[in-house]
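Peer 1:
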Amino acid sequence: MTILSVTSMGSSLAQTAEGTENQITSNMSDQYFPDIHEDIIVWTDVRNQSSDIFLYNLTSGEEMQVTTNTSEERVPHIYGDIIVWEDWRNGNWDIYMHNLSSGEESAVITNDSDQRVPDIYEDRIVWEDLRNDNWDIYMYNMTTGEEQQITDNASDQLYPAIYGDQIAWMDDRNGGWDIFIYNISSGEEMQITASESVSLYPDIYEDRVVYMDDRTFDQNIYMYNTTTHEEMQITTNDSWQVVPRIHENRIVWTDERNANWDIVGNSDIYMFDLTTGEEFQVSTNEERQVYPAIYGDTVVWEDRRNLNADVFAFDITGQNSTE
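Numbering of the sequence shown is given in the working numbering, commencing with residue 9 and proceeding in unit increments.
1. Please list the terminal residues of the continuous beta strand (DSSP E) segment that includes residue 322.
2. Going by DSSP, name the residue or residues bridged to residue 27.
3. Which residues in the same chain as residue 201 place their Cβ atom closer than 6 Å to its Cβ, once the five residues preceding and following it in sequence are excluded?
4. Cutting at 8 Å between CB atoms, please list the residues of its own chain near residue 299, excluding the five before and the five after it.
5. How is residue 224 classed by DSSP in three states: helix, strand or coil?
6. Residues in its own chain within less than 8 Å of residue 70 by CB, not counting five upstream and five downstream?
7. Which residues does DSSP list as the beta-bridge partners of residue 107?
8. Please list the terminal residues of the continuous beta strand (DSSP E) segment that includes residue 56.
9. Mind pulling the beta strand (DSSP E) runs of 3 or more residues that sit fully within the segment 106-189?
10. For residue 31, collect the residues of the same chain with a Cβ closer than 7 Å to its Cβ; drop the 5 residues on either side in sequence, then sort them by chain order.
11. Give the DSSP-derived three-state secondary structure of residue 253 in the structure shown.
12. Should residue 102 go down as buried or exposed, given a rule of 16 or more other Cβ atoms within 10 Å for buried?
13. Going by CA-CA distance only, name the one from 159, 167, 194 and 239 that's closest to residue 140.
14. In terms of residues, what are the limits of the beta strand (DSSP E) holding residue 7?
15. So the candidates are 74, 92, 56 and 68; which of them puts its Cα closest to the Cα of residue 62?
16. Does the beta-carbon distance from residue 94 to residue 124 come in below 8 Å?
17. Compare the Cα-Cα distances from residue 115 to each of 81, 138, 142 and 144 and report the closest residue.
18. According to DSSP, is residue 5 part of a helix, a strand, or is it coil?
19. Taking 8 Å as the CB-CB cut-off, is residue 276 touching chain B?
20. Would residue 170 and residue 218 be called neighbours here (beta carbons separated by less than 8 Å)?
21. Quick check on the DSSP output: the beta strand (DSSP E) that includes residue 307 runs from which residue to which?
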């Protein structure tokens, strides 16, 4: 893999984002790991003791419980009318899905080993799979009904993300975690991080892959363009910036630059606009905000300000989202 250039874009100074913050959940139990597509937010919810999948419609203001099985359902992702998650009802982790249009729930994969951490784009679902005694990446096509093994390396491949014909994941085959991508149309696999550092938790939108990397001895956010083969450093702050997500020209992540060590684990949500080159602080509360996701002008995250985990949303105004 050849990186043509590494460009630094970030700054230690960030503006406060303009917009409106809203608390989405108020139940006293924990609601965490949110995701969003269009006007639907999904999350993991433990109000019924075991974890279930819930959703909130930003347009109608209605909340709905998606799963009712008494086992554990968690880590949902959504695309269009389809929600996918990892499910423990069979005594191991499987992948299930729910169609919001039909109301039908169905199993995607129920292999006796563990399948976890699904992602979805259009009619394709990807996940990490332990059936071969190491973690591999698999894909299921809802239109054809066909399952495909994407990786067969003897080391572990984890945390897949999919957009269009490209799948990204974190890969331990070189003895340290790197980011790889696979092109579904061409069948070609490519390593996109080449440093001796650890690169983790990729997300992908069109030809841009974002991930966290510790090459500067802190965790920073980087982006790789699969068309130009250029890598860009998004953050340069000397604290930790972790678990990025990307949609259109905006990248969001969890950021610990404002950590007050009297408040255990304090972190905030930050955003970078690729169009303007500006960085914004989205959440400013002194408690812990983590695991952001973004769609269009809406950022969602898990928030600990009320002593339990709630889901919050921020509607961005005043910043351009044009691609």
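Just so you know, even glycine gets a beta-carbon here, dropped at the ideal spot from N, CA and C.
Note that the coordinates shown come from a computational prediction; the quantities given were computed from them, not determined experimentally.
Peer 2: If we stick to the structure as given:
1. Sequence index remark: in the sequence shown, residue 322 carries index 314 (1-based). Segment 318-324, the beta strand (DSSP E) holding residue 322.
2. On the sequence shown, residue 27 is found 19 positions in, with the first residue counted as 1. 324.
3. Along the sequence shown, one-based indexing puts residue 201 at 193. So the list reads 186, 187 and 207, once near-sequence residues are dropped.
4. Residue numbering aside, residue 299 sits at position 291 when the sequence shown is read from its first letter. Within the same chain, residue 299 has close Cβ partners 40, 41, 42, 251, 262, 309 and 310.
5. What you label residue 224 is simply residue 216 of the sequence shown in a count that begins at 1. Three-state result, residue 224: coil.
6. Locating residue 70 in the sequence shown gives position 62, counting from the first residue. These residues qualify, in order along the chain: 64.
7. As a first step, residue 107 must be located in the sequence shown, where it is residue number 99. Residue 107 is bridged to 90.
8. On the sequence shown, residue 56 is found 48 positions in, with the first residue counted as 1. Looking at the DSSP string, the run of the beta strand (DSSP E) that includes residue 56 is 48-56.
9. 113-117, 123-129, 132-137, 144-149, 154-157, 165-171 and 174-179
10. Residue 31 sits at position 23 when you count from the first residue of the sequence shown. These residues qualify, in order along the chain: 318 and 320.
11. Against the sequence shown, residue 253 aligns to sequence position 245. In this structure, residue 253 counts as strand in the three-state DSSP scheme.
12. Counting from 1 along the sequence shown, the entry for residue 102 is found at position 94. That one is buried.
13. For this step, residue 140 is matched to residue 132 along the sequence shown. The residue with the shortest Cα to Cα distance from residue 140 is 159.
14. No answer is possible for residue 7: the residues shown for the chain start at 9 and end at 331.
15. Start at 1 with the first residue of the sequence shown, and residue 62 comes out as number 54. It is 74 whose Cα lies nearest to the Cα of residue 62.
16. Locating residue 94 in the sequence shown gives position 86, where the first residue counts as 1. Locating residue 124 in the sequence shown gives position 116, where the first residue counts as 1. Contact flag set, yes.
17. Looking up residue 115 in the sequence shown gives position 107. Answer by Cα proximity: 81.
18. Any answer about residue 5 is impossible in this case: the structure gives the chain only from 9 up to 331.
19. The structure shown contains no chain B; it is built from a single protein chain.
20. What you label residue 170 is simply residue 162 of the sequence shown in a count that begins at 1. What you label residue 218 is simply residue 210 of the sequence shown in a count that begins at 1. Not a contact, by the Cβ cut-off of 8 Å.
21. Position 299 of the sequence shown, counted from the first residue, corresponds to residue 307. Unbroken beta strand (DSSP E) run through residue 307: 306-311.
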